[in-house]
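> The sequence shown: position 108 = 386 (our numbering), numbered continuously. Glycine included, every Cβ here is placed at the ideal spot set by N, Cα and C.
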Amino acid sequence: MGIGVKDSEAAACIDDAEGRFEQMLYHMTHDIRASLRALRVIPDWIEEDLAAQSPPEVIMDHLSLLRGQVQRADRMMRDLTEYSRVGRVGGPACTIDTKDALCRAWTDVGPPPGFTLQADGPLPAITAPPDDVHRMFRALLDNAVRHHDQTTGLIRIEGASDQGGVTFSLSDDGPGIAPDMRDRAMQLMTTLRPRSECDSSGVGLALACKVVERSGGTLCLSGAPPPATRGLCVTFSMPAAPP
């Protein structure tokens with residue numbers, strides 16, 4: 279048996295194992311979210327049962343804390359479900375109008391007033407599964423807004439075609455990520471601040487990286503380009519649409 283055959287079989291085994299894991303992850307998150315839906319209403323029941331007894335304020339504070347923890351867990355499960363769907367529930371690859379996909383993702387994020395998305399020049403069309411592209415852009419834009427430390431912000435994107443691919447740079451004017459923390463930031467379920475300080479599941483950048491790599495591209499983090507003195511820049515490549 280040749281080396282090429284062995285490599286092919288090994289790759290097939292890895293793909294099969296990844297598929298099984300992602301399927302298991304999907305079912306686990308689905309079942310856990312069902313339990314969380316029940317936990318979400320239990321504090322309401324307790325509050326209703328105690329309404330006639332004028333319960334101490336500390337009890338109401340604990341119920342509020344419980345609601346917050348359930349919401350955080352539900353968000354984590356929802357994001358993990360989206361992560362498990364990348365490459366499985368995205369539709370076949372097709373030509374995608376990048377600007378349109380970006381605008382739909384921006385609308386889905388629902389940024390607060392004061393945040394602006396700006397395209398610097400035309401954005402070349404790409405070829406990829408449409409649902410996965412939506413997940414990728416939504417994750418990147420949500421990450422830029424969620425981790426911003428000001429009430430206003432500017433998110434900019436530019437794209438350039440190069441040898442059958444398109445390289446995009448999406449940058450923001452937020453606090454950025456320290457160079458020695460950037461590799462860690464792209465790991466699944468990783469947050470750089472305590473979750474009590476930041477409402478984040480730690481899935482966004484890992485999901486975007488997964489979409490890009492499954493399309494044969496790469497994704498890396500750097501500081502925002504000059505003249506910016508702060509912010510994060512996400513540079514990633516995707517297959518170009520056929521001419």
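Return the chain-ordered list of same chain residues with a C-beta closer than 6 Å to the C-beta of Cys487, the five sequence neighbours on each side being excluded.
Taken in chain order, the residues that qualify are Met464, Leu497.
> Any idea what DSSP makes of Ile435, helix, strand or coil?
Of the three classes helix, strand and coil, the one that applies to Ile435 here is strand, per DSSP.
> Is Ser493 buried or exposed, if buried means 16 or more other CB atoms sit within 10 Å of its CB?
So Ser493 counts as buried.
> State yes or no: is the C-beta of Leu418 within less than 8 Å of the C-beta of Leu448?
Yes, the pair counts as a contact, with Cβ atoms nearer than the cut-off.
> Following the continuous beta strand (DSSP E) through Thr373, name the residue where it begins and the one where it ends.
Taken as a continuous stretch (DSSP letters only), the beta strand (DSSP E) holding Thr373 covers 372-374.
> According to DSSP, Cys511 sits in a beta bridge with which residue or residues?
Ser449, Ser500, per the DSSP bridge assignment.
> Report yes if the CB atom of Leu303 is closer than 8 Å to the CB atom of Val348, and no otherwise.
Against a cut-off of 8 Å, the Cβ pair of Val348 and Leu303 comes out as no contact.
> Under 8 Å, do Ala403 and Ala519 count as touching if we go by C-beta distance?
Yes, Cβ-Cβ distance for Ala403 and Ala519 is below 8 Å.
> Give me the DSSP bridge partner(s) of Gln396.
Partner(s): Arg434.
> Just the C-alpha distance for Leu499 and Met414, rounded to the nearest angstrom, thanks.
Between Leu499 and Met414, the C-alpha separation is close to 15 Å.
> Taking the CB atoms as reference points, tell me whether Gly522 and Gly501 lie closer together than 8 Å.
The question about residue 522 has no answer, for the chain in this structure spans 279 to 521.
> Only counting the same chain, and skipping five residues up and downstream in sequence, which positions put a Cβ closer than 6 Å to that of Val444?
Only Pro402, Ile404, Gly437, Met516, Ala518 meet the Cβ criterion.
> Met467 bridges to which residues according to DSSP?
None, per the DSSP bridge assignment.
> Buried or exposed, going by whether 16 or more other CB atoms sit within 10 Å of the CB of Asp420?
Result: buried.
> With Ala422 as the anchor, note down where its alpha helix (DSSP H) starts and where it stops.
It spans 408-424 - the alpha helix (DSSP H) in which Ala422 sits, taken as one unbroken run.
> Using the DSSP secondary-structure output, state which residues sit across from Val444 in a beta bridge.
DSSP, once it has assigned bridges, lists Ser439, Met516 as partnering Val444.
> If you follow the alpha helix (DSSP H) that Val336 is in, where does it begin and where does it stop?
First-last of the alpha helix (DSSP H) with Val336: 335-363.
> Check the DSSP bridge columns for Ile404 and list the partner residues they point to.
According to DSSP, which records beta bridges pairwise, Ile404 is partnered with Ile374, Ala518.
> Under DSSP, the alpha helix (DSSP H) around Ala330 begins and ends at which residues?
Per DSSP, Ala330 belongs to no alpha helix (DSSP H) and is neither H nor E.
> Under 8 Å by Cβ, that's how I've got Val423 and Phe393 pegged, so tell me the actual separation to the nearest angstrom.
Yes, Val423 and Phe393 are in contact; Cβ-Cβ is about 6 Å, under 8 Å.
> Tell me where the alpha helix (DSSP H) around Val489 begins and ends.
Counting along the chain, the alpha helix (DSSP H) containing Val489 begins and ends at 482-492.
> Going by DSSP in three states, Asp309 sits in which element: helix, strand or coil?
The answer is helix: DSSP assigns Asp309 an H, G or I state.
> Pull up the CB-CB distance for Gly346 and Asp409, whole angstroms please, since I reckon it's below 8 Å.
At roughly 30 Å, the Cβ-Cβ gap does not stay under 8 Å, so Gly346 and Asp409 are not in contact.
> CA-CA distance, Asp378 and Asp386?
Roughly 12 Å between the two C-alpha positions.
> Buried or exposed for Asp477, going by 16 or more other Cβ atoms inside 10 Å?
By the neighbour-count rule (16 or more Cβ atoms within 10 Å), Asp477 is not buried but exposed.
> With DSSP collapsed to three states, give me the class of Gln428.
The answer is coil: DSSP assigns Gln428 none of H, G, I, E or B.
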